[in-house]
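Taking my numbering, the leading residue of the sequence shown gets 3, the next gets one more, and so forth. Glycine included, C-beta positions come from ideal geometry on N, C-alpha and C. Quantities reported herein were computed from a predicted structural model and do not represent experimental measurements. Data block below; observations after.
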Amino acid sequence: MVKILVAGFKGRMGHTTVEMVLNHPGFELVGVYDPHSIEKNLNEINEFSELDVPAYHQLSDIATGKVEVWIDFTSPKAVFENVKFALEHHISPVVGTTGLKDEQVAQLQRIAKKNQVGGLIAPNFGISAVLLMQFAKQAAKYLPDVEIIEMHHDKKLDAPSGTALNTAKMIAEIRSEHYQGNPDETEVLPGARGANFQGMRIHSVRLPGYVAHEQVLFGGPGEALTIRQDSFDRSSFMSGVAVAVSKIGKQHELLVGLENLL
Ligand SMILES: NC(=O)c1ccc[n+]([C@@H]2O[C@H](COP(=O)([O-])OP(=O)(O)OC[C@H]3O[C@@H](n4cnc5c(N)ncnc54)[C@H](O)[C@@H]3O)[C@@H](O)[C@H]2O)c1
Ligand SMILES: O=C(O)C1=N[C@H](C(=O)O)CCC1
């Protein structure tokens, strides 16, 4: 049984992940963590009243010897310290939380290497999103003028989404940086052209009713291509999380992108 701690256990993703872990025959939930929670045990929450799982509020209280995998669905402000703690205590992080800066990822990869601990940072655990990013990178070889529109629920903290940023980074690996649009254009309203990543524009929509969606738009002479993925429910991420948890024990570095484990 893989012994798992879920950080962010009361959040939208954390709660879904707790349910997945509890229902997975190969996983054991050995702890949950959230410094903002008041529960001392998960059984203080009605739907989990039959369980006996410690709920930690401080990193120093966590019985790290009992934890093999740290699943993190917290916040952009919290994730770096959480993952650093996990790696330094030889716990393999499976990180869904977005908003880490490139230098933070590089620093965590150095810590992972020093401690010989495997882990994964995945901006999106949904297979439709993983495929979208792969297809977009391929398409950009032939249609290098790209704009990304990501649409999420209106409670999301970071913009653009980690998935959109990762899509742009993957495209940038094969697309030479160049400006898109009229070089003399002006934004009558600041921000009208969206965020700029090496000349690619990224637009973030935040609306109730949405969960997680992304369109990648390509334009070329006389034609266009749109690739779209939709996550209608947070269950869409769970098979990817389960695959990562099952495979991470064999890794000895901090990987970025679920495709590395598929
Ligand atoms: N990779 C993916 O497939 C994927 C999918 C969905 C969401 N996400 C990302 O997951 C993150 C969480 O999303 P959400 O919608 O569940 O957010 P949420 O706000 O519903 O949940 C976050 C939870 O983390 C808790 N928290 C805050 N600081 C903490 C800390 N230091 N340690 C432990 N817990 C802490 C909060 O109290 C909250 O309950 C976001 O960064 C989001 O972008 C990733
Ligand atoms: O709900 C969110 O927040 C999501 N965040 C990730 C991102 O920022 O790309 C993945 C999709 C859902």
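Where K115 falls: helix, strand or coil (DSSP): For this step, residue 115 is matched to residue 113 along the sequence shown. Helix at K115.
Mind checking whether the beta-carbon of P125 lies closer than 7 Å to any heavy atom of ligand 2? Counting from one through the sequence shown, the residue named residue 125 turns up at place 123. True, at least one ligand heavy atom lies under 7 Å from that Cβ.
Does the count of Cβ pairs from the segment 96 to 106 and the segment 34 to 46 closer than 8 Å reach three? no
Going by DSSP in three states, M240 sits in which element: helix, strand or coil? Here residue 240 corresponds to residue number 238 of the sequence shown, with the count starting at 1. Correct three-state label for M240: helix.
Tell me which residues share the same chain as G242 and place their Cβ nearer than 6 Å to its Cβ, disregarding the 5 neighbours each side in the sequence. Residue 242 sits at position 240 when you count from the first residue of the sequence shown. Closer than 6 Å at the Cβ level, and outside the excluded window around G242, lie F127 and L260.
What is the rounded straight-line gap between the Cα of D63 and the Cα of G193? Counting from 1 along the sequence shown, the entry for residue 63 is found at position 61. Counting from 1 along the sequence shown, the entry for residue 193 is found at position 191. Roughly 45 Å separates the two Cα atoms.
At least one CB of chain B closer than 8 Å to the CB of G67: is that the case? No chain B appears in this structure, which consists of one protein chain only.
Taking the straight line between their C-alpha atoms, what separation do you get for P95 and E83? Taking the sequence shown and counting its residues from 1, one reaches residue 95 at position 93. Taking the sequence shown and counting its residues from 1, one reaches residue 83 at position 81. Each residue's alpha carbon lies about 12 Å from the other.
Taking the Cβ atom as the reference point for each residue, do A141 and L227 lie within a distance shorter than 8 Å? Counted from its first residue, the sequence shown places residue 141 at position 139. Counted from its first residue, the sequence shown places residue 227 at position 225. Yes, Cβ-Cβ distance for A141 and L227 is below 8 Å.
Between which two residues does the beta strand (DSSP E) carrying H215 extend? Start at 1 with the first residue of the sequence shown, and residue 215 comes out as number 213. Looking at the DSSP string, the run of the beta strand (DSSP E) that includes H215 is A214 to G222.
For a test of the three-state rule: what should DSSP assign to R14, helix, strand or coil? Counting from one through the sequence shown, the residue named residue 14 turns up at place 12. Three-state result, R14: helix.
Quick one: what does DSSP say F29 is sitting in, helix, strand or coil? Residue mapping note: residue 29 aligns to position 27 of the sequence shown, counting from 1. DSSP places F29 in strand when its eight states are reduced to three.
Are the CB atoms of P78 and L159 nearer to each other than 8 Å? Reading the sequence shown from its first residue, position 76 is the one you call residue 78. Reading the sequence shown from its first residue, position 157 is the one you call residue 159. Cβ atoms of P78 and L159: closer than 8 Å.
Proximity winner among T76, F50 and R112, relative to L31 (alpha-carbon distances): For the purposes of this step, residue 31 is taken as the residue at position 29 of the sequence shown. Selected option, being the one with the closest Cα: F50.
Examine ligand 2 and report whether any of its heavy atoms sits within less than 7 Å of the Cβ of K158. Here residue 158 refers to the residue found at position 156 of the sequence shown. Result yes, Cβ under 7 Å from ligand 2.
Any idea which residues DSSP pairs P56 with across the strands? Within the sequence shown, residue 56 is the residue found at index 54, counting from 1. Answer is N43.
If I'm right that Y35 touches A9 with Cβ under 8 Å, what's the distance once you round it to whole angstroms? Taking the sequence shown and counting its residues from 1, the one referred to as residue 35 is at position 33. Taking the sequence shown and counting its residues from 1, the one referred to as residue 9 is at position 7. Their Cβ separation, rounded to whole angstroms, is 4 Å, which keeps Y35 and A9 in contact under 8 Å.
Just the C-alpha distance for S163 and M172, rounded to the nearest angstrom, thanks. The sequence position of residue 163 within the sequence shown is 161, counting from 1. The sequence position of residue 172 within the sequence shown is 170, counting from 1. Going from the Cα of S163 to the Cα of M172 covers about 14 Å.
So E90 is in the alpha helix (DSSP H); what residue range does that whole segment cover? Start at 1 with the first residue of the sequence shown, and residue 90 comes out as number 88. Residues V81 to E90.
Ligand 4 heavy atoms versus the CB of M172: any closer than 7 Å? The model on display carries ligand 1 and ligand 2 but not ligand 4.
Name the DSSP beta bridge partners of G121, please? For the purposes of this step, residue 121 is identified with residue 119 of the sequence shown, where counting begins at 1. According to DSSP, which records beta bridges pairwise, G121 is partnered with L256.
For A138, tell me which candidate among P56, L24, I176 and N184 has the shortest Cα-Cα distance. The sequence position of residue 138 within the sequence shown is 136, counting from 1. Of the candidates P56, L24, I176 and N184, the one whose C-alpha sits nearest the C-alpha of A138 is I176.
For E189, I'd like the list of residues in its chain whose CB is within less than 8 Å of its CB, leaving aside the five on either flank, ordered along the chain. Translated into the one-based positions of the sequence shown, residue 189 becomes position 187. Excluding residues within five positions, the ones whose Cβ falls inside 8 Å are R195.
Under 7 Å from any heavy atom of ligand 1, does the C-beta of T66 make it? Reading the sequence shown from its first residue, position 64 is the one you call residue 66. Outside the cutoff, so no.
For V190, which of helix, strand or coil comes out of DSSP? Within the sequence shown, the letter at position 188 stands for residue 190. Coil.
Who are the near neighbours of K143 in its chain, counting only those whose CB is closer than 7 Å to its CB and skipping five residues on each side? For the purposes of this step, residue 143 is identified with residue 141 of the sequence shown, where counting begins at 1. The residues are I176.
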